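Asks: For the record, the sequence lines run as chains W and U. Letter 143 of the first sequence, counting from 1, is numbered 143 in the numbering used here, and no numbers are missing. Every number in the numbering used here is 189 more than the matching position in the second sequence, counting from 1. Built from N, CA and C at the ideal position, the CB exists for glycine as well. Because the structure is a prediction, the values reported are computed rather than measured.
Number of protein chains: 2
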Amino acid sequence: MDKEKTVKKIQQFYQKRKRMPSFSEVAELIGYKSKNAVSKLVDKLVERELLSKDEQGRLLPGRLMRGVQVLGTVAAGFPSPAEEELCDTLSLDEWLVPHREATFLLKVTGDSMQDAGIVDGDMVLAERGCQPRSGDIVIAEIDHEWTMKYFVRDGAKVVLRPGNTKYPVLVPRCELKIAAIVRGVIRKY
Amino acid sequence: MDKEKTVKKIQQFYQKRKRMPSFSEVAELIGYKSKNAVSKLVDKLVERELLSKDEQGRLLPGRLMRGVQVLGTVAAGFPSPAEEELCDTLSLDEWLVPHREATFLLKVTGDSMQDAGIVDGDMVLAERGCQPRSGDIVIAEIDHEWTMKYFVRDGAKVVLRPGNTKYPVLVPRCELKIAAIVRGVIRKY
DNA sequence: TTGACAGGTGAACGATTGTTCACTAGGATT
DNA sequence: AATCCTAGTGAACAATCGTTCACCTGTCAA
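#1: For SER80/W, which residues of its own chain have a beta-carbon under 7 angstroms away from its beta-carbon, when the five flanking residues on both sides are left out?
#2: Note the first and the last residue of the continuous alpha helix (DSSP H) segment covering LYS157/W.
#3: Alpha carbon to alpha carbon, how far is PHE202/U from VAL196/U? Give it in angstroms, no decimals.
#4: Measuring only between beta-carbons, confirm whether ILE307/U sits less than 8 angstroms from chain W.
#5: Give the secondary structure of LEU64/W by DSSP, where H, G and I count as helix, E and B as strand, and everything else as coil.
#6: Ordered along the chain, which non-local residues of its own chain (more than five positions away) have a Cβ less than 6 angstroms from that of GLU330/U?
#7: With a CB to CB cut of under 8 angstroms and the five nearest residues on each side skipped, what residues in its chain are close to GLU364/U?
#8: Starting from LEU314/U, trace the beta strand (DSSP E) in both directions and tell me its first and last residue.
#9: Could you check whether the stretch 286 to 297 of chain U touches the stretch 53 to 72 of chain W, counting it as contact only if at least three pairs of C-beta atoms, one from each stretch, sit closer than 8 angstroms?
#10: Whole angstroms are fine: how far does the CA of THR278/U sit from the CA of SER241/U?
#11: Could you work out which residue in GLY318/U, HIS288/U and ALA216/U is closest to ALA369/U when comparing CA atoms only?
#12: Tell me the rounded alpha-carbon separation between LEU230/U and ARG237/U.
#13: When you compare only the Cα positions, how much space is there between THR165/W and GLN320/U?
#14: For the stretch 319 to 347 of chain U, list the beta strand (DSSP E) runs that are entirely contained and at least 3 residues long, ordered along the chain.
#15: What's the C-alpha gap between TRP335/U and PRO21/W?
#16: Apart from the five residues just before and just after LEU359/U, which ones in its own chain have a Cβ nearer than 6 angstroms to its Cβ?
#17: ALA315/U and VAL371/U: beta carbons closer than 8 angstroms?
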C-alpha cells in the first residue's frame, strides 16, 4: 500500500473524529485484514518521522494532522507543486497561541488603527498579564474608557498613540491600565 | 473535587500530550484512586457539555481543548471577568481552514495591498480551486508573473486591481490564471 | 533453480481500556 | 434518630489495545 495514501487517510480520520485511529481502524481504512501489517507499516512511517507514537504505542497527532502548508512569498513567485512537498506545515493554534489561558480573541470596531493594518471587523489576539514595551499595540483602559492603541513610552511619560492621523494622541489624565498586549491580527473573508 | 479544576487539568494534559487522557490517567491527575469516581464525574461533565465521549467511551477533545476565548469588541468596552464565563471558544484551525487539503499559507511581500489592510510580512491564507467572485482578493499569474490583487470583473473584461493607489490596474495581455482565493489574513507580532 | 526478502494474513499474548456492581463515610433533610 | 443522597473506594467484567509469532505469497537477484 502506498505510504502517502495511508498518511492521507489517517489525516482524514483525524479531522473527522478528532483523534488518532487505532491500528485496527487503520487496517480498516486502507483495506488491510491484519493489524500486524499496520504495525509494520506504522513503524516505517515513524522511522520516516511522518508519524509518531505514544509511550504506550498509540499514534500521536503530529504537525501533519493539524497544520496548514506553508509556501513561499507571493512576490517571489508561486511555488510549483513539486516544491510543495518540501515545505513545512504549521498549526495555527499552536503558532499563534503559546499561552492558551492568557490569550483571548477580540473583535475590532472603528478605524483608529488602520495605519497598522488593523481595520474594522478584524479579530485581534490579545495576551493578558504581560509587560508592554514601547511600540506594542495594547488593549488599555484610559480614564475609564477602553481602546486599542500603540503603547509609547517617552521618558517617564506614557501615551497612547492611535494608528491613524485623524485621531489625537491620548495622554492619560487620571488613570491608565494596560489589560493586554496584541499578539496577532486575524481577518477572515 | 471541583469540576472546573478537573476540566483545566484535562486541558493541560491535552496540550502537553496531544491526546485526551484515559480514565485512569484522569484519576491520577486529580488524585482519585478509583476509575469509577472518574466515570461518574465524566458523565456529569458530558451532561453539562463540557466534555464529550467517543462511541467507545473514550474522551473526545471538544472546543474547550483547542479553542481560544472569544470576547466582545474593543470599542464596546472590555468585558469583566464575570462575563467571560459565558463567552464562546474558537479553534483557529477549524475556524480559518475549512478545507485543509486545498488551503495553504503564503507570506506577503510588498505594499500593493496595504489599503486592504494587508501589509508586508503578513501571512495570507489562500484556498485553491475556487471560482473567484468580483471583489475577492486572489493569488494570480498574470502574463507569467505572480501577484496578489483584487479580482474585478467588469462586464466581460477581467482586471486585477491593487489595494494601493500608487500602483496601476493590471489588465491581462496574454494570460491570466487564478491560482487561489485569499480567505484570511494573519499577522503576528 | 534457488535463495533472500518485502508485504500481508491470522491467531495468540498481556496490558489497558471503560463499565458495572457492591460497599463505605459524611452531610443534609425529614 | 432515621432516611436519603452525594462522593469516593475497590474489585470484577468483557472489549479492545499494540505487540509478536509462525506462516503464506509473490518478486527480484544470483
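Replies: By the coordinates alone:
#1: With a pLDDT of 48 at SER80/W, under the threshold of 50, the modelled position of that residue is not reliable, and no figure is offered here.
#2: According to the DSSP assignment, LYS157/W belongs to no alpha helix (DSSP H) but to the beta strand (DSSP E) extending over 157 to 161.
#3: Each residue's alpha carbon lies about 10 angstroms from the other.
#4: Chain W contact via Cβ: present.
#5: Helix, per DSSP.
#6: Contacts found: LYS366.
#7: The residues are GLU330, ILE331, ASP332 and HIS333.
#8: Note, LEU314/U: beta strand (DSSP E), 312 to 317.
#9: By the Cβ test, the stretch 286 to 297 of chain U is in contact with the stretch 53 to 72 of chain W, since at least three Cβ pairs between them sit closer than 8 angstroms.
#10: One C-alpha to the other measures close to 16 angstroms.
#11: Checking every option, the nearest Cα to that of ALA369/U belongs to GLY318/U.
#12: A straight line joining the alpha-carbon of LEU230/U with that of ARG237/U spans about 11 angstroms.
#13: One C-alpha to the other measures close to 38 angstroms.
#14: The stretch 319 to 347 of chain U contains these whole beta strand (DSSP E) runs: 326 to 331 and 334 to 343.
#15: Each residue's Cα considered, the two are about 40 angstroms apart.
#16: ILE331 and LEU349, listed in sequence order.
#17: Yes, they are a contact pair.
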